[in-house]
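Protein chains in written order, with our numbering: chain E, 3 to 219; chain S, 3 to 219.
Printed below as a string of structure tokens:
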């Protein structure tokens, strides 16, 4: 695989990555109207021509940015989860990770996009399926980290609600530092999920009190 | 109280109300940058001078708009709740009301504001305490409608989580019609709260299984 072209490919990947990271920063700080290819290229230290070689329009750049944010979030979850001890004590740290997922600056960048896209048909047509895909991936990782599967009734909705709650907490962290309140909600929500979700890896052949009280229909 | 000045006061209140409603519409559709006093006045069918008699700056108008949105939401909750039957069957319809609270166009207007305020020190200084006040009022009404009080450990956090979840569901409804998924989450969340919250009006002298499993520490 080692060819003379590799260094250039490597450089090209670095440039692309730098443009995407600059796009996320610009969106978060300047909003959609301030986020042009020229502004992004300048921040990334890349010529406008080189930027346009990678991304013809800011829509292209922003699409790549949304994919990138999704990948970074999932990678961050997996990295944090790898450091946790196994067993039932995982539930609170996992809930902590999930409910902090949207408390940072990347969420602000995404919010700017969503708000603009809600009134911009073309941008929405691009973003909606992409956000759905990013959301599905976060859902899959959340299931995996909580050690549950969706064949149990109610599990899918509880995991979805956990991620929707995380986005709501991201909003609450936008104007003020909401860390303390969020920590109390994390503890309480971990208790609820501990009661409501089936034990990790638990099969239908072994229904428990937890399972019955939590997700009775 | 009937004085010759009343009709004029009445007219003045109507004008004020019309300006505020126009401000909410403009924010939702045009965002902060498109929402000027001139644009709002035109939409409200009010002269620019009359608009500025009521609100000197758009910050004043927007402050009034946030208060207005909060009041409308609380009034809507109380109106819907008044139509519900009493008793335990209330929990699912109450959760349904709460989790639909931010699914409409008013939430979009608020989002525009929050996103701009997150990068605008002056606007944030005005909005943050106001949003905190509106949030506390929503919380108070939610407690009342669920028929629980915060002296039970965990209740405050569960009710806060319910409203944070509602805002997260508002976000999820921004780019697509999320009604069906939200409905399933409502049902599941109502089950969780039914298990985790104390019975309405329940005192500490009557601890039940529900109470113990849901908010054990």
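Idealized CB from N, CA, C, for every residue including glycine.
In terms of residues, what are the limits of the alpha helix (DSSP H) holding residue i?
| i | result |
| --- | --- |
| residue 107 of chain S | 107–119 |
| residue 138 of chain S | 123–148 |
| residue 92 of chain S | Premise fails: residue 92 of chain S is in no alpha helix (DSSP H) and is neither H nor E. |
| residue 59 of chain E | Taken as a continuous stretch (DSSP letters only), residue 59 of chain E belongs to no alpha helix (DSSP H), as it is neither H nor E. |
| residue 179 of chain S | Where residue 179 of chain S is concerned, there is no enclosing alpha helix (DSSP H), given that its DSSP letter is neither H nor E. |
| residue 40 of chain E | 39–46 |
I'd like to know whether the C-beta of residue i is nearer than 8 Å to at least one C-beta of chain E.
| i | result |
| --- | --- |
| residue 199 of chain S | no |
| residue 106 of chain S | no |
| residue 178 of chain S | yes |
| residue 114 of chain S | yes |
| residue 174 of chain S | yes |
| residue 210 of chain S | Bear in mind that the predicted position of residue 210 of chain S carries a pLDDT of just 42, short of 50, making it too unreliable to give a figure here. |
| residue 166 of chain S | yes |
| residue 163 of chain S | yes |
| residue 25 of chain S | no |
| residue 91 of chain S | no |
| residue 51 of chain S | no |
| residue 69 of chain S | no |
| residue 139 of chain S | no |
| residue 72 of chain S | no |
| residue 194 of chain S | yes |
| residue 47 of chain S | no |
| residue 75 of chain S | no |
Less than 8 Å between the beta carbons of residue i and residue j, yes or no?
| i | j | result |
| --- | --- | --- |
| residue 177 of chain E | residue 129 of chain S | yes |
| residue 79 of chain S | residue 108 of chain S | no |
| residue 163 of chain S | residue 187 of chain E | yes |
| residue 76 of chain S | residue 161 of chain S | no |
| residue 125 of chain S | residue 31 of chain S | no |
| residue 136 of chain S | residue 68 of chain S | yes |
| residue 195 of chain S | residue 97 of chain S | yes |
| residue 50 of chain E | residue 40 of chain E | yes |
| residue 200 of chain S | residue 150 of chain S | yes |
| residue 17 of chain E | residue 66 of chain E | no |
Taking 8 Å as the threshold (beta carbon to beta carbon), is residue i in contact with chain S?
| i | result |
| --- | --- |
| residue 86 of chain E | no |
| residue 38 of chain E | no |
| residue 29 of chain E | no |
| residue 22 of chain E | no |
| residue 187 of chain E | yes |
| residue 213 of chain E | The predicted position of residue 213 of chain E is uncertain, since its pLDDT is 38 and thus under 50; no value can be drawn from it. |
| residue 151 of chain E | no |
| residue 117 of chain E | yes |
| residue 159 of chain E | yes |
| residue 142 of chain E | no |
| residue 130 of chain E | yes |
| residue 190 of chain E | yes |
| residue 43 of chain E | no |
| residue 14 of chain E | no |
| residue 121 of chain E | yes |
| residue 171 of chain E | yes |
| residue 94 of chain E | no |
| residue 126 of chain E | yes |
| residue 110 of chain E | yes |
| residue 133 of chain E | yes |
Check the C-beta distance from residue i over to residue j and give it rounded, since I have them as a contact under 8 Å.
| i | j | result |
| --- | --- | --- |
| residue 170 of chain S | residue 21 of chain E | Going by Cβ atoms, the distance from residue 170 of chain S to residue 21 of chain E rounds to 30 Å, so no, they are not a contact pair. |
| residue 56 of chain S | residue 117 of chain E | Incorrect: roughly 27 Å between the Cβ atoms, too far for contact. |
| residue 103 of chain E | residue 191 of chain E | No, residue 103 of chain E and residue 191 of chain E are not in contact; Cβ-Cβ is about 13 Å, not under 8 Å. |
| residue 83 of chain S | residue 147 of chain S | 5 Å |
| residue 110 of chain E | residue 35 of chain S | The pair is not a contact, with the Cβ atoms about 17 Å apart (cut-off 8 Å). |
| residue 45 of chain E | residue 28 of chain E | 6 Å |
| residue 175 of chain S | residue 105 of chain S | 5 Å |
| residue 112 of chain E | residue 71 of chain E | 6 Å |
Is residue i near the ligand ADP, in the sense that its beta carbon is under 7 Å from a heavy atom of that ligand?
| i | result |
| --- | --- |
| residue 196 of chain S | What this structure holds is no ligand at all, so the ligand ADP is not there to describe. |
Does residue i have its Cβ less than 8 Å from a Cβ in chain B?
| i | result |
| --- | --- |
| residue 77 of chain S | Among the protein chains of the structure shown, namely E and S, there is no chain B. |
Quiz prompt | Minimum length 3: unbroken beta strand (DSSP E) runs contained in the segment 68–92 of chain S | solution = none
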